[in-house]
Amino acid sequence: MQSNLLLYPVDDIDAALPFFEQGLGLAVKFRDGGRYCALDAGPITVALVAGEERLVSQPALAFRLEAGEDIAAAIERLLAGGARIAQPLASGPHELRAVLTTPQGFPLVVSAKPARPSATTLLSSMRTSVAPCSC
């Protein structure tokens, strides 16, 4: 797992953004309306989150699993280490994610890209879903 993202919850991205752009000098990398705004803070991205993307009530590191890593197994390891589930594993707009709290009570987000079906799985589903031609 690696982290290069700090989720920073705000009530209103438009109201919060000038502080981060003008005060801290951070540039917008990506924005998704009023729910998500990624800011370039060097080796870490600060993500202003509001609305449905506001998963946490205080700033929290987000950890992304590498491709092929099992997010359920990662969550189990964290729970065995004393973490607690704040929000169970669920599908987000672009990833699977869960919110946990550390043994000290701080939030952290664990996420992973959803597994894609293999080419073999796709081909077999195409074969079964295509109606025969009556040419």
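The UniProt record's numbering numbers the first residue of the sequence shown as 1 and each following residue consecutively.
Glycine included, each C-beta is placed from N, C-alpha and C at the ideal position.
Quantities reported herein were computed from a predicted structural model and do not represent experimental measurements.
My assumption, with CB atoms under 8 Å, is that L89 sits in contact with A98. Please give the rounded CB distance. 4 Å
If we ignore side chains and look at the alpha-carbon of each, how far apart do S124 and S91 end up? In this predicted model, S124 has a pLDDT of only 44, less than 50, meaning its place in the structure is not dependable enough to derive any value.
Alpha carbons only, please: which of L48, G25, L24 is nearest the one belonging to G34? L48
Cα-Cα separation, P59 to K113: 22 Å
Can you give the Cα-Cα distance for F63 and N4, rounded to whole angstroms? 7 Å
Pairwise C-alpha distance: A86 and I71: 16 Å
For the UniProt domain "VOC" (2-113), list the beta strand (DSSP E) runs that are entirely contained and at least 3 residues long, ordered along the chain. 2-9, 27-32, 36-41, 44-49, 60-64, 84-91, 96-101, 107-112
Same chain, Cβ closer than 6 Å to E53, five either side skipped, listed in chain order: R35, Y36
According to the Cβ coordinates, are L6 and V56 closer than 8 Å? no
Would P103 and A83 qualify as a contact pair, given that the criterion is a beta-carbon distance under 8 Å? yes
L26: which of D32, D40, A16, I13 sits nearest, CA to CA? D40
Closest residue to P93 among D32, E76, L78 (Cα-Cα distance): D32
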